[in-house]
Amino acid sequence: MTESGSRRGADEGGTKQWELVVGLEVHCELATATKLFCGCPNQFGAEPNTNVCPVCLGLPGSLPVLNRQAVEFAMRLGRALHCTVEPSTFARKNYFYPDMPKDYQVSQYDQPINAEGHLDLPSGQRIGIERAHLEEDTGKSTHVGGGGRIHEAGHSLVDYNRAGVPLVEIVGRPDLRSSEDAKAYAAELRAILLATGVSDAKMEEGSMRVDANVSVRHPGEEFGTRCEIKNLNSLRSLGRAIDYEARRQIDLIEAGERVIQQTRHWDEADGRTHTLRSKEEAYDYRYFPEPDLVPVVPSAEWLAEVEASVPTLPAERREAVAEAAGVTPADAALVVERGLDGLVLAAIAAGADPLRVLTHADHNLAVEGADALDPRALAELVTMEADGALTATQAKTVLAEMVAGGGSPAEIAGAKGFEAVSADALGDVVDGIIAANADEWDRYVNGDDKTRGKLTGFFVGQVMRATQGNADGKAVTALLEQRRGG
Amino acid sequence: MADATPATTDTAVAIAEAVRSGERSAREVLDTHLAAIDAREGEIHAFNLVLADEARAAADEIDRRVAAGEDPGPLAGVPVALKDNLCTRGVATTCSSKILEGWEPPYDATVVRRLADAGAVVVGKANLDEFAMGSSTENSAFGPTRNPRDTTKVPGGSSGGSTAAVAAGFAAVGLGSDTGGSIRQPAALCGVVGMKPTYGRVSRYGLVAFASSLDQIGPLTHTVADTARVLEVIGGHDPADTTSIPEAMPALESVLGDGVAGLRVGVVRELMGEGIAPDVAARVREAAEVLAAAGAEVGEASVPAVTYGLSAYYLIAPAEASSNLSRYDGVRYGLRVDAPTTPEMNLASRTAGFGAEVKRRIMLGTYALSAGYYDAYYGKAQKVRTLIIRDFAAAYESFDLLLAPTSPTTAFPLGAKVSDPLTMYLNDICTIPSNLAGQPAVSVPFGAGDDGLPVGVQLLAPALAEAPLLRAAAVLEEGAPS
Chain F
1 MTESGSRRGA DEGGTKQWEL VVGLEVHCEL ATATKLFCGC PNQFGAEPNT NVCPVCLGLP
61 GSLPVLNRQA VEFAMRLGRA LHCTVEPSTF ARKNYFYPDM PKDYQVSQYD QPINAEGHLD
121 LPSGQRIGIE RAHLEEDTGK STHVGGGGRI HEAGHSLVDY NRAGVPLVEI VGRPDLRSSE
181 DAKAYAAELR AILLATGVSD AKMEEGSMRV DANVSVRHPG EEFGTRCEIK NLNSLRSLGR
241 AIDYEARRQI DLIEAGERVI QQTRHWDEAD GRTHTLRSKE EAYDYRYFPE PDLVPVVPSA
301 EWLAEVEASV PTLPAERREA VAEAAGVTPA DAALVVERGL DGLVLAAIAA GADPLRVLTH
361 ADHNLAVEGA DALDPRALAE LVTMEADGAL TATQAKTVLA EMVAGGGSPA EIAGAKGFEA
421 VSADALGDVV DGIIAANADE WDRYVNGDDK TRGKLTGFFV GQVMRATQGN ADGKAVTALL
481 EQRRGG
Chain L
487 MADATPATTD TAVAIAEAVR SGERSAREVL DTHLAAIDAR EGEIHAFNLV LADEARAAAD
547 EIDRRVAAGE DPGPLAGVPV ALKDNLCTRG VATTCSSKIL EGWEPPYDAT VVRRLADAGA
607 VVVGKANLDE FAMGSSTENS AFGPTRNPRD TTKVPGGSSG GSTAAVAAGF AAVGLGSDTG
667 GSIRQPAALC GVVGMKPTYG RVSRYGLVAF ASSLDQIGPL THTVADTARV LEVIGGHDPA
727 DTTSIPEAMP ALESVLGDGV AGLRVGVVRE LMGEGIAPDV AARVREAAEV LAAAGAEVGE
787 ASVPAVTYGL SAYYLIAPAE ASSNLSRYDG VRYGLRVDAP TTPEMNLASR TAGFGAEVKR
847 RIMLGTYALS AGYYDAYYGK AQKVRTLIIR DFAAAYESFD LLLAPTSPTT AFPLGAKVSD
907 PLTMYLNDIC TIPSNLAGQP AVSVPFGAGD DGLPVGVQLL APALAEAPLL RAAAVLEEGA
967 PS
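Line by line, the protein sequences are chains F and L. Quick note: the first sequence uses this note's numbering, first residue 1, plus one each step. Quick note: the second sequence uses this note's numbering, first residue 487, plus one each step.
(1) Using a threshold of 7 Å, state whether the C-beta atoms of residue 898 of chain L and residue 789 of chain L are closer than that.
(2) By a C-beta neighbour count over all protein chains shown, 10 Å radius and 16 as the cutoff for buried, is residue 490 of chain L buried or exposed?
(3) CB-CB under 7 Å to residue 698 of chain L, same chain, minus the five flanking residues each way: which ones, in chain order?
(4) Indicate whether at least one CB of chain F lies closer than 7 Å to the CB of residue 692 of chain L.
(5) Is the Cβ-Cβ distance between residue 328 of chain F and residue 320 of chain F less than 7 Å?
(6) With DSSP as the reference, label residue 490 of chain L as helix, strand or coil.
(7) With a threshold of 6 Å on Cβ separation, who are the neighbours of residue 488 of chain L within its own chain once the five nearest residues in sequence on each side are excluded?
(8) Identify the contact partners of residue 503 of chain L in chain F, using a Cβ-Cβ distance below 8 Å as the criterion.
(9) My guess is that residue 774 of chain L and residue 946 of chain L are in contact by the Cβ rule of under 8 Å, so how many angstroms apart are they, rounded?
(10) In this structure, how does DSSP classify residue 225 of chain F when only helix, strand and coil are distinguished?
(11) So which residues of chain F does residue 593 of chain L contact, with C-beta pairs closer than 7 Å?
(12) Between the alpha carbons of residue 354 of chain F and residue 330 of chain F, how many angstroms are there, rounded?
(13) Nearest-angstrom Cα distance between residue 413 of chain F and residue 352 of chain F?
(14) Does DSSP classify residue 20 of chain F as helix, strand or coil?
(15) Taking 7 Å as the CB-CB cut-off, is residue 279 of chain F touching chain L?
(16) With a threshold of 8 Å on Cβ separation, who are the neighbours of residue 85 of chain F within its own chain once the five nearest residues in sequence on each side are excluded?
(17) Could you confirm whether any beta carbon from chain L is found closer than 7 Å to the beta carbon of residue 244 of chain F?
(18) Check residue 534 of chain L in the structure and name its three-state DSSP category.
(19) Alpha helix (DSSP H) containing residue 396 of chain F: first to last residue?
(20) What's the call for residue 283 of chain F, buried or exposed, on a 16-neighbour Cβ count within 10 Å?
(21) Determine the direct distance from the alpha carbon of residue 371 of chain F to that of residue 340 of chain F, and round the result to whole angstroms.
(22) Residues of chain L with CB under 7 Å from residue 293 of chain F, in chain order?
(23) Against chain F, with Cβ distances strictly below 7 Å, would residue 699 of chain L count as a contact?
(24) If you follow the alpha helix (DSSP H) that residue 188 of chain F is part of, which residue opens it and which one closes it?
(25) So within the stretch 812–868 of chain L, which uninterrupted alpha helix (DSSP H) runs reach at least 4 residues, ignoring any that extend past its ends?
(26) If the cut is a Cβ gap below 9 Å, which residues of chain L does residue 65 of chain F touch?
(27) Can you pull the DSSP bridge partners for residue 142 of chain F?
(28) Please state whether DSSP places residue 302 of chain F in a helix, a strand or coil.
(29) Taking the alpha-carbon positions, what's the residue 11 of chain F to residue 214 of chain F distance?
(30) If I measure Cβ to Cβ from residue 54 of chain F and keep anything under 6 Å in the same chain, skipping five residues before and after, which residues do I get?
(31) Can a CB atom of chain L be found closer than 7 Å to the CB of residue 102 of chain F?
(32) Quick one: Cα of residue 408 of chain F to Cα of residue 384 of chain F, how far?
(33) Which residue or residues does DSSP assign as beta-bridge partners of residue 451 of chain F?
(34) Go ahead and pull the three-state DSSP assignment for residue 799 of chain L.
(35) Just tell me which of F:108, F:334, F:176, F:386 has its CA closest to the CA of residue 295 of chain F.
(36) On the three-pair Cβ rule with 8 Å, is the stretch 699–709 of chain L touching the stretch 670–684 of chain L?
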């Protein structure tokens, strides 16, 4: 267990440890062509109230018709989260809010489409998923005046373009124990949403929205009273809000007070959570079965099609890279996140040194078009570097050229004049530099380690200048040491 | 006072065939009906809105098409009254509520489109109990409708306007909606045929919802043949209503002459006892004899759970209504009463916009769905619903059709029951079970009560069995006392 940004760990003086408990509820907008219950475009950023019709405006007499693609996306996501896909029904969640056209939200309640799955973090930790259900999004209110807060606003404007956009709500189990784990969970979920193609999962645009249920306890005790934190628009906010909230709850308890079950709002500007409403003020949603929709019972054929459409998932891809490169799955996380795992695996298969390939993928390939590299060319480059034919700096330059314009590393290196300086030739250069700088050489040979360290830099620099940078710094250092000893 | 002679009783079938053949013009047919409206609408108040100009234009278009050799369809030139909870593009649709003040739907209900495609001519938007909640059409924000057979009496409800329009000869066909008897009960009280089809037979798209799992649109007509024809036009699958049945509409009009020989008909014991007026019960027994004389095997059926129907209905329907009517919040359309905050504006608008009965049902339904009460009320009511379906299924093992009264009494005086909601609710005791079971039922005029006012008898059938249901209805129509 690692110490992290959370308030975990032993306090001085033998006070009991605090354990943080976090469960995330994530809403993501599905990237369907049309809305959940009508044919209006599901499109971000259109002129207000242009993507609307009688159904998504909830006009009297209108009726919903379920979008097949949304169901399919929900099932695909469910399978990617290792859920079982169940026959499901819709329910109405009743509460008044101006951006909700019917003053109820059509959602899934006691019979969600996906139940009981899990998500594996790069660290290997398994987080339970209680359910992942379908529901419709609301419109968007803009409060004019009063600093944008509803209670002080002079008036409010409502845009119903978002009303009826399909959402999947993914309810995670309270298995997370630190803000770092929570961020890793959100990042991993985002990677799965992108890999499955069901959502563009942009936290800033609101197509992925994370609420955090946070409580604290002493390890081994019952769960503490939780607070739900809303308005988390980035992974950074998520981490900060959880840490703040945990500290707030610990401070309350240590001061002899109690945590009250609340919904709280994260304020990014002041770095605090603020009360939105307490449990007593919570809505009674009066859920009941939505009579305008029939149950969703996917056929075996449809389920099989969906199953076949689930791509290889990030966790499996990390495993594959880890196995091929002899590293941990966590070490493979970055290349998988960048979608470079296919390239890396192919380059390794073509005979390249795995660690050098990973190093390049991690440090030098965070660029557009990197995934289109010819893996054999990458393998060739890595081999040239390993054989001393190219320095690390040269290899990086050549690689950039390869990404930009293709071509073989040998040709690019040749064109750049990155001729390999042979060991013999390099020895001659080093000897020449020593002869031309006798004083410095004397101090190098007879001086203390500190002096020699400084002068190593001097001699390497001179050799680099003499070879127009085509020498390998490590090889030069080795030659200097050899000359000193010999 | 009593006036049993409507201005015109031309049937839809007769009008359509005369217009199609060029024997009558749609315009002349319309003018006859508009004349009837001019003569009596002042005392009846069947309509919230008469669309005389639009109707004349539509009728003229029908005549132009006939002259051009086209067939405008099976309802060519038939004047229709639409219950004012059916959406009409660009024409105010009020549900007889102040809350929808000024609202004009941007679209037509599926049934409205299908009627127009069949050549029908809409003459007006008919009065109803506000949001279809009531049994007398007295709960209208625009005043009550009166029974054309006796204007001191209610026409029944909630489709009282559409029904009175047909009974008074203002329109040959009325469209109503039936959530707990709102087509059949006024049909019985006004002496016309009124049918609730199988749930899902007719698209609800464009019907302003009262209780979505119970609502069904159906016709009000002079004859069973007219009902068959209208149902064939308005029924059938609609992709815009997920709950509409995929099966094709069976032929109805062409099988009406097939009779009832060999059909087993059961008189529902539980709906013939307490609370049913003796004259009404007597007509039901006579109707059973007419069916038996026509070759049906008539016996007594038992559907024990129907006695719980009213209780279950008054939990399920208000629960759904409380949700369906939430959208009338003053934000987007209809009445807005301004107030300092949004919740206060919602409250002020709804307080001013809804009538007493609507508020009563919203409160009942909200309570029934509340945390901690759901299982005891809504949950229990759904179990009763399942029981009723089960008991009907058992009865239909022994019978093809069931027979019962439509309304416990003939039409009652205006104002007689408005102050006592529970007594008013009892009007629907015989009609509610079919809504809860999602099954078709039809009310056929069958003689008169001791007061000389019309009595309706009700035939019930299993889901999708509209054809045998209407065959039996045709036999009762033929054999009814004149």
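Where a beta carbon is used, it is the ideal one built from N, C-alpha and C, also for glycine. Values in this document were obtained by computation on a predicted structure and should not be read as measured data.
So, from the data block:
(1) In the second sequence, residue 898 of chain L corresponds to position 412, counting from 1. In the second sequence, residue 789 of chain L corresponds to position 303, counting from 1. With respect to the 7 Å criterion, residue 898 of chain L and residue 789 of chain L are not classified as neighbours on the basis of their beta carbons.
(2) For the purposes of this step, residue 490 of chain L is identified with residue 4 of the second sequence, where counting begins at 1. Confidence at residue 490 of chain L is low in this model, with a pLDDT of 40, below 50, so the placement of that residue should be treated as unreliable; the coordinate-derived value is given next. Exposed.
(3) Numbered from 1 along the second sequence, position 212 holds the residue referred to as residue 698 of chain L. Once the five neighbours on either side are set aside, the close Cβ partners of residue 698 of chain L are 806, 810.
(4) One-based indexing of the second sequence puts residue 692 of chain L at position 206. So, interface residue.
(5) In the first sequence, residue 328 of chain F corresponds to position 328, counting from 1. In the first sequence, residue 320 of chain F corresponds to position 320, counting from 1. Not in contact: residue 328 of chain F and residue 320 of chain F (Cβ atoms no closer than 7 Å).
(6) Taking the second sequence and counting its residues from 1, the one referred to as residue 490 of chain L is at position 4. For residue 490 of chain L, the predicted structure reports a pLDDT of 40, less than 50, and the residue's modelled location is therefore unreliable. A value from the coordinates is still provided. In the three-state scheme derived from DSSP, where H, G and I count as helix and E and B as strand, residue 490 of chain L is classed as coil.
(7) Taking the first residue of the second sequence as position 1, residue 488 of chain L is located at position 2. Note that residue 488 of chain L scores 39 on pLDDT, short of 50, meaning its location in the model is unreliable and no value can be drawn from it.
(8) Sequence index remark: in the second sequence, residue 503 of chain L carries index 17 (1-based). Ordered by position in chain F, no residue passes the 8 Å Cβ test against residue 503 of chain L, which lies about 32 Å from the chain.
(9) Translated into the one-based positions of the second sequence, residue 774 of chain L becomes position 288. Translated into the one-based positions of the second sequence, residue 946 of chain L becomes position 460. Between residue 774 of chain L and residue 946 of chain L a beta carbon distance of about 13 Å is seen, past the 8 Å cut, so the two are scored as non-contacting.
(10) The residue given as residue 225 of chain F occupies position 225 in the first sequence. In the three-state DSSP reduction, residue 225 of chain F falls in the coil class, being neither helix nor strand.
(11) In the second sequence, residue 593 of chain L corresponds to position 107, counting from 1. Per Cβ cutoff of 7 Å: 54.
(12) Along the first sequence, read from residue 1 onward, the residue named residue 354 of chain F stands at position 354. Along the first sequence, read from residue 1 onward, the residue named residue 330 of chain F stands at position 330. One alpha carbon belongs to residue 354 of chain F, the other to residue 330 of chain F, and they sit about 15 Å apart.
(13) Against the first sequence, residue 413 of chain F aligns to sequence position 413. Against the first sequence, residue 352 of chain F aligns to sequence position 352. The straight-line gap from Cα to Cα measures roughly 18 Å.
(14) If you number the first sequence from 1, residue 20 of chain F lands on position 20. Three-state DSSP puts residue 20 of chain F in a strand.
(15) Your numbering for residue 279 of chain F matches position 279 in the first sequence. No, no contact with chain L.
(16) As a first step, residue 85 of chain F must be located in the first sequence, where it is residue number 85. Only residues of its own chain outside the window of five on either side were considered, and among them 75, 78, 79, 113, 114, 298, 303, 306 have a CB closer than 8 Å to the CB of residue 85 of chain F, listed in chain order.
(17) Counting from 1 along the first sequence, the entry for residue 244 of chain F is found at position 244. Output row for residue 244 of chain F: interface = no.
(18) The residue given as residue 534 of chain L occupies position 48 in the second sequence. Correct three-state label for residue 534 of chain L: strand.
(19) Indexing the first sequence from 1 puts residue 396 of chain F at position 396. Its alpha helix (DSSP H) spans residues 392–405.
(20) Counting from one through the first sequence, the residue named residue 283 of chain F turns up at place 283. Burial call: exposed.
(21) As a first step, residue 340 of chain F must be located in the first sequence, where it is residue number 340. As a first step, residue 371 of chain F must be located in the first sequence, where it is residue number 371. Answer to the nearest angstrom: the Cα atoms are 6 Å apart.
(22) Taking the first sequence and counting its residues from 1, one reaches residue 293 of chain F at position 293. Simply 728.
(23) By 1-based counting over the second sequence, the position of residue 699 of chain L is 213. Answer yes: the Cβ-Cβ gap between residue 699 of chain L and chain F drops below 7 Å somewhere.
(24) For this step, residue 188 of chain F is matched to residue 188 along the first sequence. Residue range 179–196 is occupied by the alpha helix (DSSP H) that includes residue 188 of chain F.
(25) As far as the stretch 812–868 of chain L is concerned, its whole alpha helix (DSSP H) runs of at least 4 residues are 828–839, 842–854.
(26) What you label residue 65 of chain F is simply residue 65 of the first sequence in a count that begins at 1. Result: 725, 726, 727, 728.
(27) Reading the first sequence from its first residue, position 142 is the one you call residue 142 of chain F. In the DSSP output, where bridge partners are listed per residue, residue 142 of chain F has F:157.
(28) What you label residue 302 of chain F is simply residue 302 of the first sequence in a count that begins at 1. In the structure shown, residue 302 of chain F sits in a helix (DSSP, three-state: H, G or I).
(29) As a working mapping, residue 11 of chain F is identified with position 11 in the first sequence. As a working mapping, residue 214 of chain F is identified with position 214 in the first sequence. Any reading at residue 11 of chain F must be qualified, since the residue scores a pLDDT of 43, below 50, and its modelled position is unreliable; no value is offered.
(30) On the first sequence, position 54 is the one that residue 54 of chain F refers to. Its chain contains 62 as the residues whose beta carbon lies nearer than 6 Å to that of residue 54 of chain F, once the 5 sequence neighbours on both sides are disregarded; these appear in chain order.
(31) The residue given as residue 102 of chain F occupies position 102 in the first sequence. Chain L, which has a Cβ nearer than 7 Å to the Cβ of residue 102 of chain F, makes this yes.
(32) As a position in the first sequence, residue 408 of chain F is number 408, starting the count at 1. As a position in the first sequence, residue 384 of chain F is number 384, starting the count at 1. For residue 408 of chain F and residue 384 of chain F, the gap between their C-alpha atoms comes out near 11 Å.
(33) By one-based count along the first sequence, residue 451 of chain F stands at place 451. Answer is none; residue 451 of chain F lacks a bridge partner.
(34) Start at 1 with the first residue of the second sequence, and residue 799 of chain L comes out as number 313. Three-state result, residue 799 of chain L: helix.
(35) What you label residue 295 of chain F is simply residue 295 of the first sequence in a count that begins at 1. Closest in alpha carbon position to residue 295 of chain F, among F:108, F:334, F:176, F:386, is F:108.
(36) Verdict: yes, contact present.
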